[in-house]
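2 protein chains.
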Amino acid sequence: MKRIALLGSTGSIGTQALDIIGRNPGRFSVEALVCGSRIDDLAAQIEKFRPRLAAVAREEDAKKLAERFPGLDVYWGEEGLITAATCDCDIVFNSLMGMRGLAPTYAAVLEGKTIALANKETLVAGGDLIMRTAAEKGVSILPVDSEHSAIFQCIQGNEGNPVKRIILTASGGPFRGYSRQQLEEVTLEQALKHPKWNMGRKITIDSATLMNKGLEVIEAKWLFGVRPDQIQVVVHPQSIVHSGVEFMDTSVITQMGLPDMRIPISYALEYPGRCVNDFDSLDFFSTASQLTFEKPDMDTFKCIGFAYRALEEGGTLAAAMNGANEVLVQQFLEKKIKFTDIQDTLEKIMDTHENSHDMSIENILEADRFAREKTMDILKK
Amino acid sequence: MKRIALLGSTGSIGTQALDIIGRNPGRFSVEALVCGSRIDDLAAQIEKFRPRLAAVAREEDAKKLAERFPGLDVYWGEEGLITAATCDCDIVFNSLMGMRGLAPTYAAVLEGKTIALANKETLVAGGDLIMRTAAEKGVSILPVDSEHSAIFQCIQGNEGNPVKRIILTASGGPFRGYSRQQLEEVTLEQALKHPKWNMGRKITIDSATLMNKGLEVIEAKWLFGVRPDQIQVVVHPQSIVHSGVEFMDTSVITQMGLPDMRIPISYALEYPGRCVNDFDSLDFFSTASQLTFEKPDMDTFKCIGFAYRALEEGGTLAAAMNGANEVLVQQFLEKKIKFTDIQDTLEKIMDTHENSHDMSIENILEADRFAREKTMDILKK
Chain B
1 MKRIALLGST GSIGTQALDI IGRNPGRFSV EALVCGSRID DLAAQIEKFR PRLAAVAREE
61 DAKKLAERFP GLDVYWGEEG LITAATCDCD IVFNSLMGMR GLAPTYAAVL EGKTIALANK
121 ETLVAGGDLI MRTAAEKGVS ILPVDSEHSA IFQCIQGNEG NPVKRIILTA SGGPFRGYSR
181 QQLEEVTLEQ ALKHPKWNMG RKITIDSATL MNKGLEVIEA KWLFGVRPDQ IQVVVHPQSI
241 VHSGVEFMDT SVITQMGLPD MRIPISYALE YPGRCVNDFD SLDFFSTASQ LTFEKPDMDT
301 FKCIGFAYRA LEEGGTLAAA MNGANEVLVQ QFLEKKIKFT DIQDTLEKIM DTHENSHDMS
361 IENILEADRF AREKTMDILK K
Chain H
382 MKRIALLGST GSIGTQALDI IGRNPGRFSV EALVCGSRID DLAAQIEKFR PRLAAVAREE
442 DAKKLAERFP GLDVYWGEEG LITAATCDCD IVFNSLMGMR GLAPTYAAVL EGKTIALANK
502 ETLVAGGDLI MRTAAEKGVS ILPVDSEHSA IFQCIQGNEG NPVKRIILTA SGGPFRGYSR
562 QQLEEVTLEQ ALKHPKWNMG RKITIDSATL MNKGLEVIEA KWLFGVRPDQ IQVVVHPQSI
622 VHSGVEFMDT SVITQMGLPD MRIPISYALE YPGRCVNDFD SLDFFSTASQ LTFEKPDMDT
682 FKCIGFAYRA LEEGGTLAAA MNGANEVLVQ QFLEKKIKFT DIQDTLEKIM DTHENSHDMS
742 IENILEADRF AREKTMDILK K
């Protein structure tokens, strides 16, 4: 029985992870559940999965939960998060959203825990630190993102076989084929309608700007130890091929499946095994009968280019880019800025960031904080 | 340095295997070269690759070679074939054509040699015997066929993860979409023009009748230990996806590449490593930008159905089907019968075969011999 600490249990990925755990009785035990403020959802999860430990954002919520569940250890705040991430367990499943995810991943790696990683910011901002520390501690980082899970599945059994190219697929988002002018006029409602995946709001907007693919390029670099020019972004509107790998013999291995996050989630949980999922099989005579691939329009959608630039320049630029992007997406979600303001403002941040190559966790968090402040300053002007 | 005995060195697969060996100096040594009657080609190969041993079909050819290459051990006939297959080497690479390939594979397995297998008949006729013996001797059978190599690549790193479904792709051949009536009128010249692969004449005709895919269904069953109903034939005219595997979690892994047999050949030779091939990479923005999949027309093209039937009934039926098919293809190549006579005559053989479940090599060879005779009898009527 694998013992799981689940960080971000009430979000889209967290609830799907619990769905998989619930479908596989006797395979997993839930040791810790962590969420921000969705206390009612968390209480229902505690009822069902009976963890030993829970953590929430605010002290008053922690008190309420402690009263309701007398045997449960309840923590709160940043410290509660770290307590949960370092509790006695086999896998820390990190599906927290945003930069909050970095510190608990780091703490868990230092404690030698296996990480199932759905939190992008951990690697985007802290890739250098996290991967270096994981190597020192002999810790496995198991990707949960559908693309990185695909790549990870494709390299299995190829120990010692170097990767020639990573083929990172992208749906292209709801605005594929749009001109700059068309992009200027898109609304929040349009941006929130992803053609293929049902996800949280932040990542849905990132998918529309293609920043999500940019963040994934950075994650892929860190997870698989390749050079940026070995990562090729390929637009694949059907979202059936979740990514692939070319080896030095020119053989390409890809992973396919219906767009259901529970497949990569179950792989990270059961790795190196695989769960028996009773989902529909991929049908090559209907859903998967036509698969198309095309170049991303990196002139109109600038965010992928920002990510390659952040990798090339290194240092804290990726952390700054990511922090600024979080602020900009939030502003767009609140209808305070236009869709194209996201990439235009990001470009200013990229151009003016004072890069630092001190990759300590404190300095990374500082670069993030500073970029957020500066972004708000630019928007106020 | 891996020491290779290459059976069938002057054929299409054999020469491509030597191409790979030549491109990777210091990785492989050629211990034995075996061919039928293309003595001049063989002599050139001996000059270049300097084997210790050679074998040919006829005694007089063996004598000529022995005179020309004084230090070389030259053998001939069936015995020569077995001598080569059991010589001191690491891999017996069997690219012989037809039933001739079965006995040397069996002899090599008994000697505990790793087999790189391009000879279909070995498994079609003798799958039960060969796989049982290989398991007893702890021998690896490495597939060379592009489809089976694809499947083999896809299951790497999945030890202990059962296969749910094998997706066996088929180009559909030159007559995809033809009606029975259209099929009646096709010529030898049309049948020899395969849309995607450049192969030998026998396999090109088998690709046109789809018998080739039927033979591959049988091979897949033996190589990967699945039930026939777990093997799904999927027509994929672009021949980019060479096959794939669905696991129990509904994740599908596929192998792709340009249609170049040197990729699977190099994988079998270097397994579990991979060669550094300087071939063109698969381009998802041109050659591979559109991949389509469809159901095979198993009513018009009956041969795939024969193969499933042979698997279901078991015994020597597959050997008889295969033997009859070899005769029929040869007759068609000599323009003595029509294209549709191949499947129509095969159906008669399937219907009248007296099945035997004694799977000794003698009985398999006898079923093959008898089916050939009977086929000629039917054609004479």
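Protein sequence lines correspond, in order, to chains B and H. For the first sequence, the numbering used here puts the final residue at 381, and the numbers step up evenly by one. For the second sequence, the numbering used here puts the final residue at 762, and the numbers step up evenly by one. All C-beta atoms in this analysis are idealised placements derived from N, C-alpha and C, irrespective of residue type, glycine included.
Own chain, CB closer than 6 Å to residue i, minus 5 neighbours either side, in chain order
{"i": "glutamine 385 of chain B", "result": "Any property of residue 385 of chain B remains undetermined from this structure, which presents chain B solely from 1 to 381."}
{"i": "methionine 512 of chain H", "result": "Trp603"}
{"i": "isoleucine 255 of chain B", "result": "The sequence shown places glutamine at residue 255 of chain B, not isoleucine. The answer, listed in chain order, is Ala150, Gln153, Cys154, His242."}
{"i": "aspartate 509 of chain H", "result": "Met740"}
Delimiting residues of the alpha helix (DSSP H) encompassing residue i
{"i": "isoleucine 385 of chain H", "result": "Not the alpha helix (DSSP H): isoleucine 385 of chain H falls in the beta strand (DSSP E), residues 383-388."}
{"i": "serine 741 of chain H", "result": "Note, serine 741 of chain H: premise wrong, no alpha helix (DSSP H); not H, not E."}
{"i": "tyrosine 75 of chain B", "result": "Looking at the DSSP string, tyrosine 75 of chain B is not in any alpha helix (DSSP H); the run it does join, the beta strand (DSSP E), is 73-76."}
{"i": "threonine 503 of chain H", "result": "501-518"}
{"i": "valine 109 of chain B", "result": "102-110"}
{"i": "phenylalanine 682 of chain H", "result": "From DSSP, phenylalanine 682 of chain H is part of no alpha helix (DSSP H); its letter is neither H nor E."}
9 Å Cβ cutoff met for residue i and residue j
{"i": "isoleucine 20 of chain B", "j": "leucine 317 of chain B", "result": "no"}
{"i": "valine 415 of chain H", "j": "alanine 436 of chain H", "result": "yes"}
{"i": "methionine 382 of chain B", "j": "isoleucine 349 of chain B", "result": "Outside the shown range of chain B, which is 1 to 381, sits residue 382 of chain B, and nothing can be said about it."}
{"i": "asparagine 383 of chain B", "j": "threonine 631 of chain H", "result": "Nothing about residue 383 of chain B can be read from this structure; chain B reaches only from 1 to 381."}
{"i": "glutamate 627 of chain H", "j": "isoleucine 685 of chain H", "result": "no"}
{"i": "phenylalanine 450 of chain H", "j": "alanine 425 of chain H", "result": "no"}
{"i": "asparagine 539 of chain H", "j": "glutamine 182 of chain B", "result": "no"}
{"i": "alanine 85 of chain B", "j": "valine 74 of chain B", "result": "no"}
8 Å Cβ shell around residue i - same chain, five flanking residues per side excluded
{"i": "aspartate 469 of chain H", "result": "Arg384, Glu412"}
{"i": "leucine 453 of chain H", "result": "Ile427, Pro432, Arg433, Leu434, Ala435, Leu446, Ala447"}
Bounding residues of the beta strand (DSSP E) (the contiguous stretch that carries residue i)
{"i": "lysine 164 of chain B", "result": "163-170"}
{"i": "glutamine 611 of chain H", "result": "From DSSP, glutamine 611 of chain H is part of no beta strand (DSSP E); its letter is neither H nor E."}
{"i": "methionine 256 of chain B", "result": "252-256"}
{"i": "histidine 617 of chain H", "result": "Careful: histidine 617 of chain H lies outside any beta strand (DSSP E) and carries neither H nor E."}
{"i": "alanine 435 of chain H", "result": "434-437"}
{"i": "serine 410 of chain H", "result": "409-415"}
{"i": "phenylalanine 339 of chain B", "result": "No beta strand (DSSP E) contains phenylalanine 339 of chain B, which is instead part of the alpha helix (DSSP H) from 339-352."}
{"i": "threonine 590 of chain H", "result": "Note, threonine 590 of chain H: premise wrong, no beta strand (DSSP E); alpha helix (DSSP H) at 582-590."}
{"i": "valine 710 of chain H", "result": "That residue, valine 710 of chain H, is in no beta strand (DSSP E); its alpha helix (DSSP H) goes 698-714."}
Euclidean distance between Cα positions of residue i and residue j
{"i": "leucine 549 of chain H", "j": "glutamate 492 of chain H", "result": "31 Å"}
{"i": "valine 233 of chain B", "j": "isoleucine 612 of chain H", "result": "32 Å"}
{"i": "alanine 531 of chain H", "j": "arginine 369 of chain B", "result": "48 Å"}
{"i": "valine 329 of chain B", "j": "isoleucine 91 of chain B", "result": "31 Å"}
{"i": "lysine 380 of chain B", "j": "threonine 345 of chain B", "result": "12 Å"}
{"i": "valine 109 of chain B", "j": "serine 37 of chain B", "result": "25 Å"}
{"i": "isoleucine 742 of chain H", "j": "methionine 261 of chain B", "result": "50 Å"}
{"i": "proline 195 of chain B", "j": "arginine 176 of chain B", "result": "10 Å"}
{"i": "histidine 738 of chain H", "j": "threonine 514 of chain H", "result": "16 Å"}
{"i": "leucine 483 of chain H", "j": "glutamate 566 of chain H", "result": "34 Å"}
{"i": "serine 29 of chain B", "j": "isoleucine 115 of chain B", "result": "16 Å"}
{"i": "alanine 310 of chain B", "j": "glycine 214 of chain B", "result": "10 Å"}
{"i": "leucine 504 of chain H", "j": "threonine 287 of chain B", "result": "34 Å"}
{"i": "tryptophan 76 of chain B", "j": "lysine 48 of chain B", "result": "21 Å"}
{"i": "glycine 704 of chain H", "j": "lysine 717 of chain H", "result": "18 Å"}
{"i": "threonine 375 of chain B", "j": "arginine 655 of chain H", "result": "48 Å"}
{"i": "valine 384 of chain B", "j": "serine 289 of chain B", "result": "This structure cannot speak to residue 384 of chain B, because chain B is shown only from 1 to 381."}
{"i": "glutamate 220 of chain B", "j": "histidine 148 of chain B", "result": "Checking the sequence shown, residue 220 of chain B turns out to be alanine, not glutamate. Each residue's Cα considered, the two are about 7 Å apart."}
{"i": "alanine 438 of chain H", "j": "isoleucine 759 of chain H", "result": "29 Å"}
Under 7 Å by beta carbon: chain B residues contacting residue i
{"i": "glutamate 675 of chain H", "result": "Phe285, Ser289"}
{"i": "serine 647 of chain H", "result": "Asp249"}
{"i": "valine 520 of chain H", "result": "Result: empty, since nearest Cβ-Cβ is about 19 Å, beyond 7 Å."}
{"i": "glycine 329 of chain H", "result": "Nothing about residue 329 of chain H can be reported from this structure: the residues present for chain H run from 382 to 762 only."}
Chain H contact residues for residue i, given Cβ-Cβ distances below 9 Å
{"i": "leucine 168 of chain B", "result": "Correct list: empty, because the minimum Cβ distance to chain H is about 11 Å."}
{"i": "phenylalanine 279 of chain B", "result": "Asp630, Thr631"}
Same chain only: Cβ atoms within 7 Å of residue i, ignoring 5 sequence neighbours per side
{"i": "methionine 580 of chain H", "result": "Ser393"}
{"i": "tyrosine 308 of chain B", "result": "Val217, Pro228"}
{"i": "alanine 589 of chain H", "result": "Gly554, Pro555, Phe556, Ala572"}
{"i": "alanine 499 of chain H", "result": "Ile394, Asn475, Ser476, Val525, Asp526"}
Within chain H, partners of residue i - CB distance below 7 Å
{"i": "asparagine 355 of chain B", "result": "By Cβ distance, chain H contributes nothing, its closest Cβ being about 33 Å from asparagine 355 of chain B, past 7 Å."}
{"i": "methionine 256 of chain B", "result": "Val633, Thr635"}
Per-residue contacts from residue i into chain H (C-beta, under 8 Å)
{"i": "threonine 269 of chain B", "result": "Per the sequence shown, residue 269 of chain B should be read as leucine rather than threonine. In chain order: nothing, as chain H lies at least about 10 Å away."}
{"i": "isoleucine 21 of chain B", "result": "Going along chain H, no residue has its Cβ under 8 Å from isoleucine 21 of chain B, so there is no contact; the nearest lies around 14 Å."}
{"i": "glutamine 156 of chain B", "result": "Gln537, Gly538, Asn539"}
9 Å Cβ cutoff, residue i in contact with chain D
{"i": "leucine 282 of chain B", "result": "Protein chains B and H are contained in the structure displayed, whereas chain D is not."}
Residues that residue i contacts on chain B, provided the C-beta gap is smaller than 9 Å
{"i": "glutamate 570 of chain H", "result": "Result: empty, since nearest Cβ-Cβ is about 32 Å, beyond 9 Å."}
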